[in-house]
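Visitor: Listed in order, the protein sequences are those of chains A and B. Going by the working numbering, the first residue of the first sequence is number 4, and it counts up by one from there. Going by the working numbering, the first residue of the second sequence is number 9, and it counts up by one from there. Glycine included, each C-beta is placed from N, C-alpha and C at the ideal position.
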Amino acid sequence: MSGPELEGASDRDLVAAVAEGSIEALRELSSRYGRMLTALAMRFLGSESDAEEVASDVLWQVWREARLFDASRGSVMAWLVMLGRSRSIDRLRAIKARSASAEPQIPVCPAADPASEVDRAERARMVRAALMNIDAQERMALELAYFSDLSHSEIAKKLGIPLGTAKTRIRSAMIKLREALLKTEK
Amino acid sequence: MEHQEIKDLLALAALDRLEGEEARALSHHLAAGCDECEAELREFREVAASLALALEPAGSPVRILNRLDERLAASAESSPWSRPIRRGQELVPVASSQLIRWRAATAIATAALIAASAFAILSINRAAHLQAQFERQMATRDAQLRELHTRLASSRGEIITLERVLRDKARLDQILMAPDLRLTRLEPLKPAPRGAGLVAVSNVNHTALLQVSGLPPTPSDKTYELWWITRESGPIKAGLFQVEGPGTVIAQAEPPPAGQHALLSAVTLEPAGGSNSPTGAMYLKGVAG
């Protein structure tokens with residue numbers, strides 16, 4: 004697969020090419036998702052350098068395990084984000100182990116500025132808009148659940164609400180976000 | 009746990025936040041083959057992933073690629089061979105064609121590296137050779153320049169000497185043409201047996217010239233001095249001159265003072281700067297004409 008072909012290739016095609024040993028395809032995936040993975044890891048770790056390390060960890064894992072990717076379980080982006088989140092949590096735990104005083108980052112609402120890449124920027128804008136239409140308490144519960152290493156019990160404690168309420172808020176936010184995204188995609 | 013109860017867990021499951029009994033129940037439910045829940049869980053996973061997409065991109069793509077390249081480079085030899093291929097449900101070693109392709113790519117990269125290294129070494133050697141050549145040329149140019157400077161200084165000295173000789177010849181010609189010319193021939197004495205001299209005097213031109221040859225070179229702390237021996241005052245200073253080597257020396261001198269009658273003319277060797285009366289050995293002497 005040549006340069007122009009790589010740029011026009013779907014994420015799945017790129018992963019298939021990586022599975023065949025294409026470093027160029029891996030680089031293209033890095034170009035598409037490296038900064039997103041870094042941003043995700045930064046929400047957990049707060050350090051850009053650590054976050055970039057996590058992003059490269061994820062891409063390295065893709066290089067080694069591309070053949071294990073199962074498209075029937077979800078998109079490439081969802082897979083990458085799952086790997087990135089898992090790696091971030093691992094690293095956060097390692098940092099916590101080194102420094103008992105480390106507190107988990109309290110997430111804030113995503114910034115409203117669109118990214119430069121037109122396609123992803125549009126999708127990002129839609130997600131942000133959808134998030135802003137969700138009740139603030141539910142959104143905070145969702146972001147704590149996603150961008151931290153806290154259990155449901157810990158989230159409930161941090162928000163000062165019963166465990167059942169915390170779960171309900173998280174679930175409700177997920178359902179509202181899914182509906183909003185489905186509407187915008189139609 | 010009922011189907012609806014499991015469905016209620018899917019949104020939380022997509023965030024990997026299920027624990028204990030809930031996690032086990034969902035796992036069993038999916039393993040039992042509930043396509044509806046499987047599809048919905050997949051949907052929620054995409055929703056969860058979109059949260060990352062909403063973040064402002066961060067980091068440097070170049071740094072991320074560099075970190076990735078470092079890992080690829082570090083594992084270039086081991087990882088591609090050890091990576092398994094998924095064939096159905098079975099993981100098998102990487103195919104031989106891939107191995108060949110990888111090895112070919114590695115061989116090409118190695119060849120390129122060797123070529124680049126060889127080029128670098130050749131370039132360094134070439135640069136060192138040019139540097140040495142340049143230094144040799146500079147040394148030669150320096151030597152040539154020094155020689156030219158020496159020649160120039162020597163030529164300047166010769167020009168000055170020739171100018172002086174021409175000037176003296178012109179004066180001699182002028183005196184020799186004078187109507188009142190008087191010549192005094194100087195004869196050699198014991199310190200300079202091969203010495204000879206001639207003094208030409210013209211009172212009209214108020215000038216005198218001395219021409220000598222065969223005298224030893226003047227010592228550094230000495231000078232030759234010409235004297236007039238007059239009837240009225242005895243020895244009178246007439247002029248100083250130096251002899252630097254073999255050949256003829258012409259020097260300007262003072263004619264005898266007016267009203268004085270020169271009997272003799274003589275050349276002595278005196279301390280540097282000259283004397284008011286002869287103190288040193290006499291080299292030449294003649295009867296004034």
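1. The beta strand (DSSP E) spanning phenylalanine 249 (chain B) covers which residue range?
2. Against chain A, with Cβ distances strictly below 8 Å, would serine 58 (chain B) count as a contact?
3. Can you tell me which residues form a DSSP beta bridge with tyrosine 232 (chain B)?
4. Since leucine 29 (chain A) contacts leucine 62 (chain A) with CB under 8 Å, what's their CB separation in whole angstroms?
5. At a CB-CB cut-off below 9 Å, which residues of chain B make contact with alanine 159 (chain A)?
6. Using the Cβ count rule (16 or more neighbours within 10 Å means buried), how would you classify alanine 151 (chain B)?
7. Can you tell me the Cα-Cα spacing of proline 196 (chain B) and glutamate 155 (chain B), whole angstroms?
8. Would you be able to state if there are at least three C-beta pairs under 8 Å between the region 175-189 of chain B and the region 198-205 of chain B?
9. Residue ranges of each alpha helix (DSSP H) run of no fewer than 4 residues wholly in the region 55-89 of chain B, ordered along the chain?
10. Mind checking threonine 287 (chain B): buried by the 16 CB within 10 Å criterion, or exposed?
11. Would leucine 99 (chain B) be called buried (16 or more neighbouring beta carbons within 10 Å of its own) or exposed?
12. Since methionine 177 (chain A) and phenylalanine 52 (chain B) are thought to touch, with beta carbons under 8 Å apart, how far apart are those beta carbons, to the nearest angstrom?
13. Keeping to the same chain, check which residues put their C-beta closer than 8 Å to that of alanine 200 (chain B); ignore five residues upstream and five downstream.
14. Kindly say whether isoleucine 116 (chain B), judged by its beta-carbon, lies nearer than 8 Å to any beta-carbon of chain A.
15. Can you give me the Cβ contacts of arginine 95 (chain B) inside the same chain, cut-off strictly under 8 Å, excluding the 5 residues immediately before and after it?
16. Which parts of the region 191-216 of chain B are runs of the beta strand (DSSP E), unbroken and 3 residues or longer, counting only runs that do not cross its ends?
17. Can you tell me the Cβ-Cβ gap for alanine 169 (chain A) and alanine 139 (chain A), rounded? I've got them flagged as a contact below 8 Å.
18. So, does the region 60-73 of chain B touch the region 17-36 of chain B, judging by three or more C-beta pairs under 8 Å?
19. What are the boundary residues of the alpha helix (DSSP H) that includes isoleucine 98 (chain A)?
20. Using a Cβ cut-off of 8 Å (strictly closer), state whether arginine 149 (chain B) contacts chain A.
21. Flag glutamate 64 (chain B) as yes if its beta-carbon sits less than 8 Å from any beta-carbon of chain A, otherwise no.
22. For the beta strand (DSSP E) containing methionine 290 (chain B), list its first residue and its last residue.
23. Within the 8 Å Cβ cut-off, does glutamate 55 (chain A) reach chain B?
24. DSSP on threonine 226 (chain B), reduced to helix/strand/coil?
25. Quick one: what's got a C-beta closer than 8 Å to leucine 184 (chain A)'s C-beta in the same chain, skipping five residues either side?
26. Please classify leucine 23 (chain B): does DSSP put it in a helix, a strand, or coil?
27. Glutamine 250 (chain B) to arginine 190 (chain B), Cα distance in whole Å?
28. For threonine 171 (chain A) and arginine 126 (chain A), what's the separation of their Cα atoms in angstroms?
29. Check the Cβ of serine 78 (chain A) against every Cβ in chain B and list those closer than 8 Å, keeping chain order.
30. Measuring alpha carbon to alpha carbon, tell me which of B:Gln268, B:Ile14, B:Asp229 and B:Ala19 ends up nearest leucine 277 (chain B).
31. Buried or exposed for glutamate 24 (chain A), please, with buried defined as at least 16 other CB atoms from any protein chain shown within 10 angstroms of its CB.
32. Arginine 46 (chain A) and phenylalanine 150 (chain A): beta carbons closer than 8 Å?
33. Taking a Cβ distance cut-off of 7 Å, strictly less, list which residues of the region 30-50 of chain B are near chain A, in chain order.
34. Measuring straight from C-alpha to C-alpha, what distance separates alanine 114 (chain A) and alanine 148 (chain A)?
35. Would the beta-carbon of serine 33 (chain A) fall within 8 Å of that of isoleucine 72 (chain B)?
36. Helix, strand or coil: how does DSSP classify serine 175 (chain A) here?
Guide: With the given structure in hand:
1. Taken as a continuous stretch (DSSP letters only), the beta strand (DSSP E) holding phenylalanine 249 (chain B) covers 242-249.
2. So, interface residue.
3. According to DSSP, tyrosine 232 (chain B) bridges with B:Phe249 and B:Leu277.
4. Rounded, the Cβ-Cβ distance is 6 Å, consistent with contact.
5. Within chain B, no residue comes near alanine 159 (chain A); the closest Cβ sits about 12 Å away, beyond 9 Å.
6. So alanine 151 (chain B) counts as exposed.
7. Cα atoms of proline 196 (chain B) and glutamate 155 (chain B): separation of roughly 41 Å, rounded to the nearest angstrom.
8. The region 198-205 of chain B makes no contact with the region 175-189 of chain B: fewer than 3 CB pairs, one atom from each, lie closer than 8 Å.
9. Note on the region 55-89 of chain B: whole alpha helix (DSSP H) runs with a minimum of 4 residues are 69-82, in chain order.
10. The residue in question, threonine 287 (chain B), is exposed, as its Cβ has fewer than 16 Cβ neighbours within 10 Å.
11. Reliability fails at leucine 99 (chain B), whose pLDDT of 42 lies under 50, so the model's placement of it is uncertain and the value that follows must be treated cautiously. Looking at its Cβ environment, which holds fewer than 16 other Cβ atoms inside 10 Å, leucine 99 (chain B) is exposed.
12. So it is a contact: roughly 6 Å between Cβ atoms.
13. Exclusion of the five residues before and after alanine 200 (chain B) leaves Gly222, Leu223, Pro224, Tyr291 and Leu292 as the residues of its chain whose Cβ lies within less than 8 Å of its Cβ.
14. Not a single CB atom of chain A sits nearer than 8 Å to the CB of isoleucine 116 (chain B).
15. With a pLDDT of only 43 at arginine 95 (chain B), under 50, the local geometry of the prediction cannot be trusted, and no value is derived from it.
16. The region 191-216 of chain B contains, as complete beta strand (DSSP E) runs of 3+ residues, the segments 204-210 (chain order).
17. The distance from the Cβ of alanine 169 (chain A) to that of alanine 139 (chain A) is about 15 Å, inconsistent with a contact at the 8 Å cut-off.
18. Between the region 60-73 of chain B and the region 17-36 of chain B there are fewer than three inter-stretch CB-CB distances shorter than 8 Å, so the stretches are not counted as touching.
19. DSSP places isoleucine 98 (chain A) in the uninterrupted alpha helix (DSSP H) bounded by 79-101.
20. False, the Cβ-Cβ gap to chain A never drops below 8 Å.
21. At least one chain A Cβ lies under 8 Å of glutamate 64 (chain B).
22. Element bounds for methionine 290 (chain B): 290-295.
23. Yes - at least one Cβ of chain B is within 8 Å of the one on glutamate 55 (chain A).
24. It is coil, neither helix nor strand.
25. Excluding residues within five positions, the ones whose Cβ falls inside 8 Å are Met129, Val130 and Ala133.
26. Annotated three-state conformation of leucine 23 (chain B) is coil, per DSSP.
27. Spanning the alpha carbons of glutamine 250 (chain B) and arginine 190 (chain B) requires a straight line of approximately 24 Å.
28. In a straight line, the C-alpha of threonine 171 (chain A) is about 26 Å away from that of arginine 126 (chain A).
29. Result: Glu54 and Ala57.
30. Its Cα nearest to that of leucine 277 (chain B), the residue B:Asp229 stands out among B:Gln268, B:Ile14, B:Asp229 and B:Ala19.
31. As written in the sequence, residue 24 (chain A) is glycine, which differs from the glutamate given in the question. By the 10 Å Cβ count, glycine 24 (chain A) comes out buried.
32. If you check the CB distance, arginine 46 (chain A) and phenylalanine 150 (chain A) come in under 8 Å.
33. Listed in sequence order: Arg50.
34. In this prediction, alanine 114 (chain A) has a pLDDT of 37, which is less than 50 and means its spatial position is unreliable; what the coordinates show is noted afterwards. In this structure, the CA atom of alanine 114 (chain A) is about 19 Å from the CA atom of alanine 148 (chain A).
35. Yes, Cβ-Cβ distance for serine 33 (chain A) and isoleucine 72 (chain B) is below 8 Å.
36. Three-state DSSP puts serine 175 (chain A) in a helix.
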